[in-house]
Amino acid sequence: MSDVQTLLSAYPRIYFACHTRHVRDPVDGRVLSAHQASILSHLDSMDPTMVGELADHLGVTASTMSLNLTRLENAGYISRQRDPADRRVMNVLLTESGERMRSAWTVLDPERVDRMLLAMAPGTRREAIRGLVLLSEAADSVIRRGQAYLEAVVEGEVS
Numbered sequence: 001m002s003d004v005q006t007l008l009s010a011y012p013r014i015y016f017a018c019h020t021r022h023v024r025d026p027v028d029g030r031v032l033s034a035h036q037a038s039i040l041s042h043l044d045s046m047d048p049t050m051v052g053e054l055a056d057h058l059g060v061t062a063s064t065m066s067l068n069l070t071r072l073e074n075a076g077y078i079s080r081q082r083d084p085a086d087r088r089v090m091n092v093l094l095t096e097s098g099e100r101m102r103s104a105w106t107v108l109d110p111e112r113v114d115r116m117l118l119a120m121a122p123g124t125r126r127e128a129i130r131g132l133v134l135l136s137e138a139a140d141s142v143i144r145r146g147q148a149y150l151e152a153v154v155e156g157e158v159s
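Pasting the structure below:
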């Protein structure tokens, strides 16, 4: 098995074992699904996001996104408003409560990760963590190169 195949096999198993299934509001105890929390993670309280762009980015239909946004709006986590420049466009902003929920959410459940790590021998655990750090550094490098390339395109240095 190649290194790529090994990583493609291992990562989903780690994610499935440790991903967050729901998020509890630290103030009122309300529970959101991981999907709803993921939507909040793509929003900001100052810079509005267009509903259509959000749906495209998350790979869902506009009607599915609208349904989720209605639930989030009813819970007080987002606000929707028409774009003043184009009344056909609906923008979404996080509320203060939405920011709180976004801060409470992590992709991986810390308790599940802790249980997984405690099941490993100390030396193996250190080796696994070091490997993940190296992979994350490589991922950061890929992101930086992509951003540098996009900046070069914008500056007209690359066609």
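So the sequence shown is numbered by the working numbering: it starts at 1 and just counts up by one.
Ideal Cβ positions, reconstructed from N, Cα and C, are used throughout, including at glycine.
Just mark V92 as buried or exposed, buried being the case when its beta carbon has 16 or more other beta carbons within 10 Å. The count along the sequence shown starts at 1 and reaches residue 92 at position 92. Per the 10 Å Cβ criterion, buried.
Are the CB atoms of V4 and G52 nearer to each other than 9 angstroms? On the sequence shown, position 4 is the one that residue 4 refers to. On the sequence shown, position 52 is the one that residue 52 refers to. No; because the gap between Cβ atoms is not below 9 angstroms, this pair is not in contact.
With DSSP run on the structure shown, which of helix, strand or coil describes L67? Taking the first residue of the sequence shown as 1, we reach residue 67 at position 67. The answer is helix: DSSP assigns L67 an H, G or I state.
Please list, in chain order, all residues of the same chain as R24 whose beta carbon is under 7 angstroms from its beta carbon, the five residues on each side excluded. Stepping through the sequence shown from its first residue, residue 24 is reached at position 24. The answer, listed in chain order, is V31.
Please tell me whether H19 and R112 are closer than 9 angstroms, where the distance is taken between their beta carbons. Within the sequence shown, numbered from 1, the residue matching residue 19 stands at position 19. Within the sequence shown, numbered from 1, the residue matching residue 112 stands at position 112. Contact: yes.
On the CB-based measure, 16 or more other CB atoms within 10 Å of its CB, does R130 come out buried or exposed? Along the sequence shown, one-based indexing puts residue 130 at 130. By the 10 Å Cβ count, R130 comes out exposed.
Assigned exposure category for G98 - 16 Cβ within 10 Å defines buried: As a first step, residue 98 is located in the sequence shown; it is residue number 98 there, counting from the start. So G98 ends up on the buried side.
Is H19 helix, strand or coil when you go by DSSP? In the sequence shown, counting from the first residue as 1, residue 19 sits at position 19. Three-state result, H19: strand.
Threshold first: 4 residues or longer. Then list the alpha helix (DSSP H) segments lying entirely within the segment 107-136, N to C. 110-118
Less than 9 angstroms between the C-beta atoms of L54 and L72, yes or no? Translated into positions along the sequence shown, residue 54 becomes position 54. Translated into positions along the sequence shown, residue 72 becomes position 72. Their beta carbons are not under 9 angstroms apart, which means L54 does not touch L72 by this criterion.
Roughly how many whole angstroms lie between the Cα atoms of L94 and L150? As a working mapping, residue 94 is identified with position 94 in the sequence shown. As a working mapping, residue 150 is identified with position 150 in the sequence shown. Cα to Cα, the separation comes out at about 28 angstroms.
Write down every uninterrupted run of the alpha helix (DSSP H) in the segment 26-87 whose length is 4 residues or greater and which is fully enclosed by it, in chain order. 34-41, 51-58 and 62-74
Classify Y77 as buried or exposed, calling it buried when 16 or more other Cβ atoms lie within 10 Å of its own Cβ. The sequence position of residue 77 within the sequence shown is 77, counting from 1. The residue is buried, with at least 16 neighbouring Cβ atoms inside 10 Å.
Among residues of its own chain, excluding the 5 on either side of C100, which ones have a beta-carbon nearer than 8 angstroms to its beta-carbon? One-based indexing of the sequence shown puts residue 100 at position 100. It should be noted that the sequence gives Arg, not Cys, for residue 100. Closer than 8 angstroms at Cβ, skipping near neighbours: D25, P26 and V27.
My assumption, with CB atoms under 8 angstroms, is that R125 sits in contact with L134. Please give the rounded CB distance. Stepping through the sequence shown from its first residue, residue 125 is reached at position 125. Stepping through the sequence shown from its first residue, residue 134 is reached at position 134. Not really, about 15 angstroms apart at Cβ, beyond 8 angstroms.
Find out if the Cβ-Cβ distance for the pair W105, S45 is shorter than 9 angstroms. If you number the sequence shown from 1, residue 105 lands on position 105. If you number the sequence shown from 1, residue 45 lands on position 45. Going by C-beta atoms, W105 is not nearer than 9 angstroms to S45.
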